[in-house]
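This report concerns only the one structure given below.
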Amino acid sequence: MIALSTGRPRRIALLAAHCDDIAIGAGGSLLTLCRADPGVRVEALILTGGGTHREDEEHAALAAFCPDADLRVTVGKLPDGRLPAHWEEAKTAVEELRSRIDPELIFAPNPGDAHQDHRGLAELVPQVFRDPLILGYEIVKWDGDMGRPSVYQPLADSVAEDKVRLLHEHYASQRDKPWYDREAFLGLARIRGIECKARYAEAFHCNKLTLDLAGG
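With numbering that gives the first Met the number 0 applied, the sequence shown closes on residue 215, and no number is skipped along the way.
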């Protein structure tokens, strides 16, 4: 494993189809990043859940997962499970996000996700954002779509534990789902940790990146 550094990005965009996607897929990485660099700007866009109790959950959760960040959260009102039929509205929302921030790093769904809303948003992101590093997070689910990611962020034991605690603290609406438990979240983090020679990790898919081998 070769460790490559992105430096400390000061402008980060978070994109999700549903409330809790970002926290599940990249919550540990956000805790790691925001704790290391207070004041980083974070702009989040979630396409569904606006005007419901899920929006309230998302605002509180992302505030906890992005401590001391300059955080702005937008939760849209597109219908859950219908993103392909609302392509124009979804793309407009992503374009409006681009008008608010010029991110250095983006966390978004990955193109291989089996959920049509996740996959559709993953296709939109590189159409709108051409320059930033885009890391596609993974979400464990019934569909069995866990692939072979290529990018890993090791997590300190305390960060992995904090991620699980915050997921259960802030998303009460999801606690009755059979897959939404400590074993699932820590189990996946442990597997990804094994793959990158760490105890715990989050993993991401990356379609394209540019190296600077001269270190300029």
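Each residue gets a CB set at the ideal place from its N, CA and C atoms; glycine is no exception.
In this structure, does DSSP put residue i in helix, strand or coil?
| i | result |
| --- | --- |
| I100 | coil |
| D161 | helix |
| V127 | helix |
| G24 | helix |
| P153 | strand |
| S172 | helix |
| C33 | helix |
| I190 | helix |
| P83 | helix |
At the level of alpha carbons, what is the spacing between residue i and residue j?
| i | j | result |
| --- | --- | --- |
| E201 | A188 | 6 Å |
| L210 | I138 | 28 Å |
| D20 | S149 | 20 Å |
| A15 | H114 | 12 Å |
| G75 | A107 | 16 Å |
| P37 | A155 | 18 Å |
| D112 | H85 | 18 Å |
| R97 | F184 | 31 Å |
| R9 | A43 | 14 Å |
| G80 | A89 | 12 Å |
| A22 | V72 | 13 Å |
| R164 | A171 | 12 Å |
| L166 | L29 | 13 Å |
| L123 | V93 | 8 Å |
| I11 | D175 | 31 Å |
| R40 | L120 | 22 Å |
Assign residue i to buried or exposed, taking buried as 16 or more other Cβ atoms, counted over all protein chains shown, within 10 Å of its Cβ.
| i | result |
| --- | --- |
| N206 | exposed |
| H52 | exposed |
| Q126 | exposed |
| E54 | buried |
| I1 | exposed |
| G142 | According to the sequence shown, residue 142 is Asp rather than Gly. Flag for D142 reads exposed. |
| A213 | exposed |
| G27 | buried |
| G50 | exposed |
| G6 | exposed |
Should residue i be listed as close to the ligand MG, given that the test is whether its C-beta is under 6 Å from any heavy atom?
| i | result |
| --- | --- |
| V150 | Questions concerning the ligand MG fall outside what the structure shown contains, since it holds no ligand whatsoever. |
Going by DSSP, what residues sit across from residue i in a beta bridge?
| i | result |
| --- | --- |
| A43 | L13, V72 |
| G135 | A107, H204 |
| Y199 | L154 |
Counting pairs of beta carbons, one from the stretch 152-161 and one from the stretch 52-59, are three or more of them closer than 8 Å? no
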